[in-house]
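J.: I am attaching a structure below and will ask some questions about it afterwards.
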Amino acid sequence: MRHARRRMVRRGARIAAAGGVLLGGLMVTQALAAEPSGAQTPDSTSVQVASRTGAELLAGLGTSRTAGSWVASDGTPVVAVTDRAAASRVTAAGARAKMVGHSMDQLKSATQELSSAPRVAGTAWAVDYRTNKVVVEADSSVSASDWSRMTRLADGIGDFVHMERTQGRFTTRVNGAQPIFSTSGRCSAGFNVTNGQSEFILTAGHCGPGGTLWFSDNTGRTQLGRTVTSEFPGNGDFSLIRYENGQGTPGENVVAIGGGRGVRITASGDPVVGQKVFRSGSTSGLREGEVTALGATVNYPEGTVTGLIQTTVCAEPGDSGGPLFSEGIALGVTSGGSGDCRSGGTTFFQPVTQAMAALGVQLTGQSPASASAGAQTSGGPAPSASPAQGAAIVPGSTAPGPAAPGAVQGVGVTGASDGFVARLTDPRNVGPGLLVIAGSLVALVATRYIRTEQERNAYRRAYSGTWG
């Protein structure tokens, strides 16, 4: 019976060791598969080229013959046109033409008529290039009487003005990537900017008026800076927080995305409809979505804001002022929206190039030449050119698809213990898998050696019994 138990123990040990070898091999394989390959399909350059092609066609044909452009899911630039001759020019340029019934002049005229009507808080509108319509959204706070009045106004403008209800309420997102605190609430730092003499944080204007004092912690012990200028509501939602004198500021822009990692921002630019974008915030972390409209108007309870980027990226209180970016290009700062990251919703962003132009600043670490290259004409927004970005892995997921946030690097300082544990538990680290393989091989050798020694000793005992 004792020998049977020993055989069972030895057999179990051998099976466990062999399983460890297989498990370690699987861990190494997964880690290697999770490593960024450095290739993106399509890469940032293809998105920029497509959007630039669309912008050039819009500028050449004019707003009376076109109705916006966007990037299709396959990366092809699409231009909405109103006549066959314009369609031929678009096709000859290597883009895709879509015949529509209303020009940009007509669509913009509709938005101006909406803006001139009495303001209804909880409504928003923007031109939807892909459907050739002006879409008016009303949140749950809009009364039945206001909804009826807005509907009558839309019907009077034309059938290309579409009314729809949306869940939640359009609110500013006070309360990032890195959190900043004031007596009026909590917001997120957007991007580091400079005017050549001082360093600032670019964030949302609704976070606080001029003179607001900001801290980097919620205890009020570490003073960060003070708001020196703010725009909200009106023609934007942006503000500048000047860093305290003598306080060291980074000479580059890195957006925190969680897990001790950040995305390096190398340039600024304007988005294009259909572009995949990312937003980071301390409340809801790194989130992704798509640009659905440009030049949106939102009627917040505090007032009307114009010229915003409309997206499907979710946001929650605490994400206000946080950065919107794609492929390492700064695009905007979080303004507000409806819904949350459980049910989804619409989120609006202040275009970063417009804010910087109005404030006379540029991204920290960005040359004046590249800063001016980032600004595009209103007829055709497009991201500015930037160095090639390394592929990125979104925290908690695999590669994020046809677009990536940008080049990922470690940020912050962690304790030795925390760093060691984080490295061990990182699924992209091949070290744990190699350790499992090595340990399993040692176990196999050890069990083999023990078995041999046991058999040798048993033979000696049996043989010694035959001595005279």
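With our numbering applied, the sequence shown corresponds to residues 2 to 469, in that order.
Backbone N, C-alpha and C fix where the C-beta goes; we use that ideal spot for every residue, glycine too.
Do you know offhand how far S339's Cα is from S269's?
T.: Counting from one through the sequence shown, the residue named residue 339 turns up at place 338. Counting from one through the sequence shown, the residue named residue 269 turns up at place 268. One C-alpha to the other measures close to 26 Å.
J.: From the DSSP output, read off the bridge partner residues of F326.
T.: Position 325 of the sequence shown holds residue 326. Paired residue(s): F279 and A331.
J.: Just verifying my parser: in three-state terms, what is the DSSP assignment at V128?
T.: As a first step, residue 128 is located in the sequence shown; it is residue number 127 there, counting from the start. Looking at V128 - three-state DSSP - the assignment turns out to be strand.
J.: Could you work out which residue in A127, T64, P318 and N254 is closest to V274 when comparing CA atoms only?
T.: Translated into positions along the sequence shown, residue 274 becomes position 273. For the residues A127, T64, P318 and N254, the minimum Cα distance to V274 belongs to A127.
J.: Can you say whether S283 is buried or exposed, counting buried as having 16 or more other CB atoms within 10 angstroms of its CB?
T.: To locate residue 283, count along the sequence shown from 1; it is residue 282. Result: buried.
J.: Considering only residues of the same chain and omitting the five flanking positions on each side of D341, which have a CB-CB separation below 7 Å?
T.: Residue numbering aside, residue 341 sits at position 340 when the sequence shown is read from its first letter. These residues qualify, in order along the chain: C315 and E317.
J.: Between G263 and V255, how many whole angstroms is the CB-CB distance? I'm expecting something under 8 Å.
T.: If you number the sequence shown from 1, residue 263 lands on position 262. If you number the sequence shown from 1, residue 255 lands on position 254. Confirmed, about 4 Å.
J.: On a CA-only basis, which of S240, D271, T365 and R187 is nearest G221? Give me that one, please.
T.: Taking the first residue of the sequence shown as 1, we reach residue 221 at position 220. Among S240, D271, T365 and R187, the Cα nearest to that of G221 is on R187.
J.: For the beta strand (DSSP E) containing R166, list its first residue and its last residue.
T.: Position 165 of the sequence shown holds residue 166. Segment V162 to R166, the beta strand (DSSP E) holding R166.
J.: Are the beta-carbon atoms of A294 and Q311 separated by less than 8 Å?
T.: Your numbering for residue 294 matches position 293 in the sequence shown. Your numbering for residue 311 matches position 310 in the sequence shown. Cβ distance < 8 Å, so A294 and Q311 count as in contact.
J.: Tell me which residue opens and which closes the alpha helix (DSSP H) that T92 is part of.
T.: For the purposes of this step, residue 92 is identified with residue 91 of the sequence shown, where counting begins at 1. Element bounds for T92: R85 to A93.
J.: So A294 is in the beta strand (DSSP E); what residue range does that whole segment cover?
T.: Within the sequence shown, residue 294 is the residue found at index 293, counting from 1. From DSSP, the beta strand (DSSP E) with A294 extends over G286 to Y301.
J.: Please report the distance separating the alpha-carbon of A472 from that of G237.
T.: Residue 472 falls outside the range modelled here, since the chain spans only 2 to 469, and no answer is possible.
J.: From the DSSP secondary-structure annotation, give me the bridge partner or partners of C188.
T.: On the sequence shown, position 187 is the one that residue 188 refers to. For C188, which the question treats as bridged, DSSP gives the partners I181.
J.: Quick check on this structure: which residue in W71, R66, G123 and A93 has the alpha carbon closest to the alpha carbon of V101?
T.: What you label residue 101 is simply residue 100 of the sequence shown in a count that begins at 1. Checked all of W71, R66, G123 and A93; the closest Cα to V101 is R66.
J.: Is the beta carbon of M357 sitting closer than 8 Å to the one on Q351?
T.: By one-based count along the sequence shown, residue 357 stands at place 356. By one-based count along the sequence shown, residue 351 stands at place 350. No, the Cβ-Cβ distance between M357 and Q351 is not below 8 Å.
J.: With a cut-off of 8 Å on the beta carbons, I'd call M151 and V121 a contact; round off their distance for me.
T.: As a position in the sequence shown, residue 151 is number 150, starting the count at 1. As a position in the sequence shown, residue 121 is number 120, starting the count at 1. The Cβ separation is near 6 Å, so the contact holds.
J.: If I measure Cβ to Cβ from T77 and keep anything under 6 Å in the same chain, skipping five residues before and after, which residues do I get?
T.: In the sequence shown, counting from the first residue as 1, residue 77 sits at position 76. Contacts found: R97.
J.: Please report whether the beta-carbon of T77 lies at a distance below 8 Å from any beta-carbon of chain C.
T.: Judged by its chain identifiers, the structure shown contains no chain C, having just a single protein chain.
J.: Could you round the C-beta distance between R265 and G323 to whole angstroms and report it? I think they count as a contact, below 8 Å.
T.: Stepping through the sequence shown from its first residue, residue 265 is reached at position 264. Stepping through the sequence shown from its first residue, residue 323 is reached at position 322. About 17 Å separates the two Cβ atoms, so there is no contact after all.
J.: For N300, count the other beta carbons within 10 Å of its own beta carbon; 16 or more makes it buried, fewer makes it exposed. Which is it?
T.: If you number the sequence shown from 1, residue 300 lands on position 299. Buried, by the Cβ-count rule.
J.: In whole angstroms, give me the CA-to-CA distance for L59 and T347.
T.: Along the sequence shown, read from residue 1 onward, the residue named residue 59 stands at position 58. Along the sequence shown, read from residue 1 onward, the residue named residue 347 stands at position 346. Rounded to the nearest angstrom, the two C-alpha atoms are 27 Å apart.
J.: Kindly indicate which three-state DSSP category V414 falls into: helix, strand or coil?
T.: Within the sequence shown, numbered from 1, the residue matching residue 414 stands at position 413. Only weak support exists for where V414 lies, its pLDDT of 36 falling under 50; the value from the coordinates is given anyway. If DSSP states are grouped into helix, strand and coil, V414 belongs with coil.
J.: Checking the sheet assignment: what are the DSSP bridge partners for Q1?
T.: Residue 1 lies beyond the residue range present for the chain, which begins at 2 and ends at 469; the question has no answer from this structure.
J.: Rounded to whole angstroms, what's the CA-CA distance from G361 to N196? Just pull it up for me.
T.: If you number the sequence shown from 1, residue 361 lands on position 360. If you number the sequence shown from 1, residue 196 lands on position 195. Cα to Cα, the separation comes out at about 6 Å.
J.: Would you kindly check if the distance between the Cβ of V72 and the Cβ of A51 is under 8 Å?
T.: Against the sequence shown, residue 51 aligns to sequence position 50. Against the sequence shown, residue 72 aligns to sequence position 71. For A51 and V72, yes; Cβs fall inside 8 Å.
J.: State the start and end residues of the unbroken alpha helix (DSSP H) segment that holds T152.
T.: Indexing the sequence shown from 1 puts residue 152 at position 151. Its alpha helix (DSSP H) spans residues A145 to I158.
J.: Would you kindly work out how many angstroms separate the C-alpha atoms of S70 and Y130, rounded to a whole number?
T.: For this step, residue 70 is matched to residue 69 along the sequence shown. For this step, residue 130 is matched to residue 129 along the sequence shown. The alpha-carbon atoms of S70 and Y130 are separated by roughly 7 Å.
J.: Determine which residues share a DSSP beta bridge with D320 and list them.
T.: Residue numbering aside, residue 320 sits at position 319 when the sequence shown is read from its first letter. Paired residues: none, contrary to the question.
J.: My guess is that L241 and V229 are in contact by the Cβ rule of under 8 Å, so how many angstroms apart are they, rounded?
T.: Translated into positions along the sequence shown, residue 241 becomes position 240. Translated into positions along the sequence shown, residue 229 becomes position 228. Right, the Cβ-Cβ distance comes to about 5 Å (below 8 Å), so this counts as a contact.
J.: I need the straight-line Cα distance from G226 to R288, nearest angstrom please.
T.: By one-based count along the sequence shown, residue 226 stands at place 225. By one-based count along the sequence shown, residue 288 stands at place 287. Cα to Cα, G226 sits roughly 28 Å from R288.
J.: Any idea what DSSP makes of D106, helix, strand or coil?
T.: Reading the sequence shown from its first residue, position 105 is the one you call residue 106. Looking at D106 - three-state DSSP - the assignment turns out to be helix.
J.: Consult DSSP for Q311 and reduce its assignment to one of helix, strand or coil.
T.: By 1-based counting over the sequence shown, the position of residue 311 is 310. Reduced to three states, the DSSP call for Q311 is strand.
J.: Could you give the DSSP three-state label for P272: helix, strand or coil?
T.: In the sequence shown, counting from the first residue as 1, residue 272 sits at position 271. If DSSP states are grouped into helix, strand and coil, P272 belongs with coil.
J.: V82 lies in the beta strand (DSSP E); which residues open and close that run?
T.: Against the sequence shown, residue 82 aligns to sequence position 81. From DSSP, the beta strand (DSSP E) with V82 extends over P78 to V82.
J.: CA-CA distance, A155 and V162?
T.: One-based indexing of the sequence shown puts residue 155 at position 154. One-based indexing of the sequence shown puts residue 162 at position 161. The alpha-carbon atoms of A155 and V162 are separated by roughly 6 Å.
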